[in-house]
Each structure stands twice: as C-alpha cells, then as structure tokens.
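Sequential numbering of the sequence shown, starting at 361, is according to the working numbering. Note that CB positions come from ideal geometry on N, CA and C, so glycine has one too. No experiment lies behind these values; they were computed from the predicted model shown. A short write-up of the structure that comes next.
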Amino acid sequence: MTEVKLDSSEVRDLQHQANMYALIKTVEHLERAFVNGRVSEKDYEEKCFGMIAQFRTLQGALKDKYPDLREFMRENRMDCTLAADRLLGSGLPATRLYASGQGASESDGRQRALQTFRVSGCFITLLDALKLGEKAVDGIQPLVVDLVSKINQISDLPPELEGVARVKGWVYTLNQMSASDDLSESQLRQVTHDVDLAYSAFENWLQSSQQ
C-alpha cells in the first residue's frame with residue numbers, strides 16, 4: 361500500500377477542517393443545552409461569543425475551499441441546524457437577539473430610563489450613519505448589532521413592535537456579507553426605512569408606556 365504524503369499546506373488545511381467540525385459540533389451542543397435550560401444565560405453568552413470568534417478565524421482559513429460552509433456541513437453530514445443558525449445566520453448569541461424577560465424584576469425606574477436612553481442613542485447613531493451615506497458592511501453591522509442588543513435589554517418591549525423584527529432581520533442579512541462589501545442603493549434605502557420605522561414605533565411605545 362502506497363503511503364500518501366501531504367505537504368504542509370495540505371496538513372494545515374485538514375487541521376482547519378477538523379477544528380471546524382469540532383467547533384460546529386460544540387456550538388450545537390451548547391445551543392441545545394441553552395434551549396433545555398442546562399446552562400445559564402451568562403455562561404452561554406460568554407462561551408458563544410468565544411466560539412463565534414473562533415469560527416470567524418477558521419472561516420477565513422477555509423474560505424478558498426469552502427466559500428459557503430453549509431457545503432462543508434453537507435459533505436460531513438452534520439445535522440447541526442442550531443449551530444448553523446448561530447454561526448452562519450445571526451452570528452450573535454441568542455441572548456443578544458431575543459429578550460429573556462429576566463430584567464423586569466431587577467430594573468427600577470432609573471435603570472429603565474437608562475435602557476431607553478441607550479436604545480434611542482443607538483437608533484440616532486445608526487440613522488445618522490445611514491443618512492450620511494454609510495454603506496459599508498463593516499461600518500453598518502456593528503451599529504445594527506449594538507442596537508439590537510440594547511433593544512433586547514428592555515424586557516417589556518413588545519416583540520411585535522413595528523419594524524423591530526425587520527431590524528433584527530438585518531443582523532442576519534449583514535452576517536451573510538463580507539466586511540468589505542457595500543450595501544446596494546436598494547438595500548441602503550430599505551434598511552434606512554426599516555430602522556426609521558422601528559424608531560418611530562419605539563418612540564410611540566415609550567410615550568404611551570409613560571402615560
């Protein structure tokens with residue numbers, strides 16, 4: 361039997377693939393543990409952020425062979441739908457996308473005021489950037505992520521509030537794009553409209569809740 365010798369780049373590529381396989385499986389286990397209440401929100405978020413960062417590094421190393429890592433998952437018969445959504449979908453821990461409702465008993469009036477102030481600030485910062493013509497993904501994505509994270513700190517904000525779901529949808533859209541990409545004119549117009557709509561709805565909800 362002839363021994364197959366691999367050069368250093370091939371060995372490195374196989375190591376990256378093995379690490380990616382193990383990472384995806386680990387994220388799937390973490391997501392299931394979180395869904396089943398076997399891990400706290402704090403531990404889940406900390407571990408999830410760490411693994412998302414590792415994923416980004418490995419994704420860059422494998423981009424030539426696997427431009428779309430869903431193909432890698434198909435080739436390796438990986439039934440990891442939760443990990444796929446976390447890593448290839450939102451790119452954020454679930455705790456940053458969905459309000460847990462745990463903050464209500466801990467938040468007094470000042471805390472609530474601070475949270476709403478921060479959300480308003482995030483809306484204004486994002487809208488200013490968009491209306492000034494910012495269209496680079498690496499310029500817009502952090503602002504959208506920050507806004508969504510701050511929104512989810514307000515536990516009693518209605519999940520069906522107009523426009524908010526659309527803004528959260530942009531987390532997924534931007535995560536599918538490269539940092540060096542630019543939004544098209546159509547996309548820029550749409551995201552500006554969605555954020556504007558969500559901001560108006562948020563302001564209306566805030567006023568009505570204070571009456």
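Which residues mark the beginning and the end of the alpha helix (DSSP H) in which residue i is found?
| i | result |
| --- | --- |
| C440 | From DSSP, C440 is part of no alpha helix (DSSP H); its letter is neither H nor E. |
| L383 | S368 to V395 |
| G499 | V497 to I511 |
| I514 | Careful: I514 lies outside any alpha helix (DSSP H) and carries neither H nor E. |
| L492 | No alpha helix (DSSP H) contains L492, which DSSP labels as neither H nor E. |
| S544 | Per DSSP, S544 belongs to no alpha helix (DSSP H) and is neither H nor E. |
| V399 | From DSSP, V399 is part of no alpha helix (DSSP H); its letter is neither H nor E. |
| G529 | V524 to N535 |
| L593 | The structure shown has nothing for residue 593, since the chain only spans 361 to 571. |
Go through its chain and collect everything with a Cβ distance to residue i's Cβ below 7 Å, but skip five positions before and after it.
| i | result |
| --- | --- |
| M380 | L418, L422 and F432 |
| V371 | none |
| K528 | L457 and V508 |
| N436 | Y381 |
| D428 | none |
Mind checking whether residue i and residue j have CB atoms under 7 Å apart?
| i | j | result |
| --- | --- | --- |
| T552 | L474 | no |
| L447 | F477 | no |
| E388 | A454 | no |
| R456 | S509 | yes |
| Y532 | G449 | yes |
| L507 | L487 | no |
| V479 | I500 | no |
Within a Cβ cutoff of 6 Å, which residues of the same chain sit near residue i, ignoring the five residues on either side of it in sequence?
| i | result |
| --- | --- |
| S465 | Summary for S465: the model assigns pLDDT 45, below 50, so the residue's position carries little reliability, and this model does not support an answer. |
| F483 | Y559 |
| E406 | none |
| M537 | V497 |
| C408 | P453 |
Can you tell me the Cβ-Cβ gap for residue i and residue j, rounded? I've got them flagged as a contact below 8 Å.
| i | j | result |
| --- | --- | --- |
| V504 | L534 | 6 Å |
| L390 | Y404 | 7 Å |
| G451 | I412 | 6 Å |
| C440 | K365 | Actually they are not in contact, since the Cβ atoms of C440 and K365 sit about 33 Å apart, beyond 8 Å. |
| K425 | D367 | Not confirmed; about 15 Å, so no contact. |
For residue i, which residues from the same chain have a beta carbon less than 8 Å from its beta carbon, with the 5 sequence-adjacent residues on both sides left out?
| i | result |
| --- | --- |
| A561 | L521, E522, G523 and V524 |
| N565 | Strictly speaking, residue 565 in this sequence is Trp, with Asn absent from that position. Once the five neighbours on either side are set aside, the close Cβ partners of W565 are L517, P518 and L521. |
| L557 | E522, G523 and R526 |
| E563 | S480 |
*When the Cβ atoms of the stretch 490–503 are set against those of the stretch 530–544, are three or more pairs found closer than 8 Å?*
The stretch 490–503 makes contact with the stretch 530–544; the number of CB pairs closer than 8 Å reaches 3 or more.
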